[in-house]
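Counted the way the working numbering counts, the sequence shown spans residues 1 to 331.
Contents: one structure, followed by commentary.
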Amino acid sequence: MKRIFITGAAGFIGFHLARQLKKRGDFVLGVDHFNSYYDPQLKKARALELQKAGVQVETLDIIERDKLKLLLMKHGITHLVHLAAQAGVRHSILHPDDYVSSNLEGFVSILEVLRLFPSIKLTYASSSSVYGLNQKTPFHVSDRTDQPANLYGATKKANELMAHAYHHLYGTSVTALRYFTAYGPWGRPDMAYYTFTKKICAGEPIPVFNYGRMKRDFTYIDDIVNGTVAAIDLEAPCEIFNLGNHCPVSLLSLIQTLEEALGKEAIQEMLPMQTGEVLETFADIEKSQTLLNFHPRVSLQEGILQFVDWFKWYHRVPIYTHYAMKGTISS
Ligand SMILES: NC(=O)c1ccc[n+]([C@@H]2O[C@H](COP(=O)([O-])OP(=O)(O)OC[C@H]3O[C@@H](n4cnc5c(N)ncnc54)[C@H](O)[C@@H]3O)[C@@H](O)[C@H]2O)c1
């Protein structure tokens, strides 16, 4: 049995990971500072679900090192999964300062605390955003990551560099996971699949940037969690993995999949490309397949149906907002 500490446990990925680890019998303790980047009620609701499953999520900002130390010591932690961060590409253009505290100071805080606990293995969230302007697809872990397209990507790359330095200096065990557009039930309300769903249900137009000619490697949350659990178990000294679906999907296909799952047509507002965005993300997962036995299984169609089911339940979407479209699915 492992004793696992998860930062950002009330977040989307942290919530699912904590549930899975608890289910398999690990001791799991979470922390989160419940910021208001998106509705904190959703984070509270996730924390409540975790509490029901036997996982506590304490309120803590990861820059509070003394409290972190006490928790790691008190609970005899063996593994730390660091997911707490200020996420979001768009937000990093509008609110750059929000990324300094959680993503830079916060990451140093985690590394500094781990110096005192050399036996604790660190697994942390990086991002497909580190590939930035890299044009070569699929993105291989050894591809260029020195041309970020936005500050969010730059902070995630900085995390990888800092982790390497601490591994080199102090032998800290560090594994980076470059997540590719995770989606699913209990997901993040700032992400396109979520905002589109909300707008389609409300009959509002959805903004389709670059006229829909962008591709993302959407990766279902259960696949993300399976890859993360395998990385925790691997206990590698210093590695980087891509966790993506290896199957990029265009924005227009995403919209069509949502329309079919919701049984309602979207009103599309075609717009030019936004600054800071990239045209395509596409994970090369050969290394993850070999070392983590990572084989993503959930198609976008299946995953979006799961998300839409949850969305209707969570937001109490009344049945009368749905109507069958072109004879396709109406769940
Ligand atoms: N979801 C994705 O598609 C995706 C893709 C690539 C990378 N990531 C990374 O994976 C991690 C988890 O992402 P997510 O989608 O679950 O995001 P999320 O925003 O749902 O979860 C992050 C959680 O961290 C918490 N947090 C932020 N700063 C904190 C601090 N200083 N102290 C304590 N808690 C803090 C937030 O309150 C939030 O609950 C993040 O590091 C994110 O950058 C996510």
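We put the CB at the ideal spot given by N, CA and C, even for glycine.
Extent of the continuous beta strand (DSSP E) to which residue i belongs
i: E277; result: It is not in any beta strand (DSSP E) - E277 carries neither H nor E in the DSSP assignment.
i: R3; result: R3 to T7
i: M270; result: I267 to M270
C-beta atoms of residue i and residue j nearer than 7 Å
i: H350; j: I232; result: Any property of residue 350 remains undetermined from this structure, which presents the chain solely from 1 to 331.
i: P248; j: F196; result: no
i: F180; j: D223; result: no
i: F139; j: D284; result: yes
i: S102; j: A125; result: no
i: L83; j: G30; result: no
i: V308; j: Y220; result: no
i: K215; j: S173; result: no
i: V113; j: K74; result: no
i: G276; j: V89; result: yes
i: V278; j: A158; result: no
i: E160; j: A182; result: no
i: N242; j: S288; result: yes
i: Q306; j: T257; result: no
i: E235; j: K121; result: yes
Cβ shell of residue i (< 6 Å), same chain only, five flanking positions each side left out
i: Y194; result: G187
i: L271; result: P207 and F209
i: L21; result: I4 and V28
i: R115; result: Y170
i: R65; result: S109 and V113
i: V317; result: C201
i: A163; result: V174
Segment limits, alpha helix (DSSP H) that includes residue i
i: Q301; result: L300 to Y314
i: V89; result: V89 to L94
i: G54; result: Segment: none, G54 is in no alpha helix (DSSP H) and carries neither H nor E.
i: L291; result: E286 to L292
i: L29; result: L29 -> not in any alpha helix (DSSP H); beta strand (DSSP E) instead, spanning F27 to D32.
i: G14; result: F12 to K23
i: A393; result: What the structure shows of the chain is the stretch from 1 to 331, and residue 393 is not part of that stretch, so it cannot be assessed.
Other residues of its chain near residue i: CB distance less than 7 Å, five sequence neighbours each side excluded
i: W310; result: P185 and W186
i: M325; result: For M325, the predicted model reports a pLDDT of 37, less than 50, meaning its position is unreliable; a value from the coordinates is still stated below. Around M325: E259, G263, K264 and E265.
i: T155; result: Y99, N103 and L104
i: K312; result: none
i: I63; result: S101, E105, G106 and S109
i: A230; result: L292, N293 and F294
i: A18; result: I6, A9, V28, G30, L50 and V55
i: H322; result: In this predicted model, H322 has a pLDDT of only 42, less than 50, meaning its place in the structure is not dependable; the value taken from the coordinates is given anyway. Hits under 7 Å: L262, G263, K264 and S330.
i: G153; result: S127, S129, V130 and G132
i: K136; result: D143
Neighbourhood of residue i by C-beta distance below 8 Å, restricted to the same chain and skipping five residues each side
i: I255; result: F196, I206, V208, G212, A266 and Q268
i: T59; result: V31, D32, H33 and F34
i: A10; result: G30, D32, F34, K43, K44, R46, A47, L50 and V57
i: T228; result: I13, L17, V81, T123, L177 and L243
i: L71; result: F5, L29, V31, E58, L60 and I77
i: K67; result: L60
Go through the segment 61-87 residue by residue and report every complete run of the alpha helix (DSSP H) that reaches 4 residues or more, in order.
65-74
Just to confirm the assignment: which complete alpha helix (DSSP H) runs, minimum length 4, are found wholly within the segment 208-253?
221-234
Let me know the alpha helix (DSSP H) ranges lying completely inside the segment 116-186, each 4 residues or longer, listed in chain order.
151-170
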